[in-house]
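There are 2 protein chains.
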Amino acid sequence: MGCANGYPGGVDDDATPERIRALPSWLLARAALRAQRTVAAHLEDAGMRRQHYTVLATLEERGSASQAALGRALGLDRSDLHAIVTALEEDALVTRERDPEDRRRNAVRLTAKGRRALARLQTRIDAAQTELLAGLSATDRRELLRLLDLLVAAG
Amino acid sequence: MGCANGYPGGVDDDATPERIRALPSWLLARAALRAQRTVAAHLEDAGMRRQHYTVLATLEERGSASQAALGRALGLDRSDLHAIVTALEEDALVTRERDPEDRRRNAVRLTAKGRRALARLQTRIDAAQTELLAGLSATDRRELLRLLDLLVAAG
DNA sequence: ACAGCAACGTTGGCGATACCAACGTAGCAG
DNA sequence: CTGCTACGTTGGTATCGCCAACGTTGCTGT
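As given, the protein sequences belong to chains A and B, one line each in that order.
The first sequence begins at 1 in this note's numbering and counts up one residue at a time.
The second sequence begins at 1 in this note's numbering and counts up one residue at a time.
Here you go:
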C-alpha cells in the first residue's frame, strides 16, 4: 500500500499521460520545440537565428524583395522583418535601398558576403534537419512533409 | 522585361519559396503555430490556456501529483508549473497541500469544480483538434500522430 | 548521529517569438 | 485633389521556455 496509485515501480510519474500524448496540438508543440532547439543549436556559433536563414534563402531565390513581400512569403510581421533586415544589413549580408520604381518599398538584396553566409548556413540547416529526422525512414520523412504541408496550407 | 524575375502574374511574392516550404523544421514551426492559435481561440472565452488543460487532465488521471511530477510528465519547468497551479488554485479547480508523506512536495488534487471544468475544456480541446485536422483523412491523422510521436520520443 | 547531497517549491529574471497600434510617407483610383 | 491603400518604422504587449538562487526537506553514507 506504499504506492498511492498502485504502481509497483514508481517512476511512472515522469511519463506523459496517453490522453495528452495523443493530442495532435500537444505533439505538434513538442515536436516543433525540439526542431527549434535543434536548429538554434546548429546556428548558435554562427550567431544567426533561423529567420535570418529563411530571409536570406528567400532573397537568393527572388534576387530582390521588399520587406513586406518577405513578410508575406515567410509569415512574419512587418515589424519583425524590420529588425531582421536591420541585423542582416549591419553584418553587410544584405543591402537595403529605396525601390526607385515604388519609393514606399525597400529593395532588399543579397550581397556577395550574404550569399557566402547563406551557403554556410545551409550546411548547418541541413545538418539540423538530419539530426531532427534521424529516427525516421525516408518514406516516413516524405509522409511527414506531406502531412505538415497539408496542415500549413489549410491555415 | 517589366517583371524582374520573369513572372507574368506578379502576386507570386506572397508564396513561400519551395526551399523553405520543404524544410521540416519550418513546417513544424508553422503547423505548431496554427495548432496553438486554434487551441487558444477555442479556450479563449473559457479564460484558460492550453497548459491549464494538460495539468488538469494529468491530475484526473493521477489523482494526486506533485508539481515536479507534473512538470516532468508535461515537459514544463518548475517555475512555470508554480504559476499554473497558483492560477488553478485561485479558481478553486485544484487544491495544493503539503504532502504528509514527503513534506517537500505539494500534493495537487482536482476539486469537483475542477473536474467539471476539465470536462468542459475537453469539449473545446476536441473541437480545436477537429478544426485543426479538418483537411486530413482518418488514415492521415493516424500517420501524423505516429510520426510526431516518433519525433517527440527521440527528443 | 551527523554531514553532504539531492529533490522540491518559490521567486525573480531573461530571451525569443508572435502580434498589435500608431505614425509619416508614398502611390493610386475616383 | 481627395480619400484609400500599402509600406516602413517605432514602440509596446503577451506568451513561452528556460535559468539562477534560495530555503526547506528527505535521503545516504560514514
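Ideal placement from N, C-alpha and C gives every residue a C-beta, glycine not left out.
Along the region 56 to 87 of chain A, the positions whose C-beta sits under 9 Å from a C-beta of chain B are 57, 58, 60, 61, 62, 63, 64, 65, 66, 68, 69, 70, 72, 73, 74 and 75, read in chain order.
If you ignore the 5 residues before and after residue 35/A, its C-beta comes within less than 7 Å of the C-beta of 132, all in its own chain and listed in chain order.
Judged by beta-carbon spacing, residue 57/B lies beyond the 8 Å limit of residue 120/B, meaning their Cβ atoms are not closer than that value. Exposure of residue 63/A is indicated by the presence of fewer than 16 other C-beta atoms within 10 angstroms of its C-beta. Between residue 150/A and residue 136/B, the C-beta gap is smaller than 8 Å, which places the two residues in contact. Cβ atoms of residue 97/B and residue 112/B stay farther apart than 8 Å, at about 16 Å. Distance between residue 91/B and residue 59/B, taken at the CA atoms: about 16 Å. Contact note: residue 30/A reaches chain B through 32, 75, 148, 151, 152 and 155, using a C-beta cutoff of 9 Å and chain order. Taking the CA atoms as reference points, residue 31/B sits about 15 Å from residue 152/B. When only Cα atoms are considered, residue 20/B and residue 114/B end up about 43 Å apart. Look at residue 97/B here: in three-state DSSP terms it is strand. Contacts between residue 135/A and chain B, judged by CB atoms closer than 8 Å, involve 150, 151, 153 and 154 in chain order. If you look at residue 147/B, you'll find it in the alpha helix (DSSP H) that goes 138 to 154.
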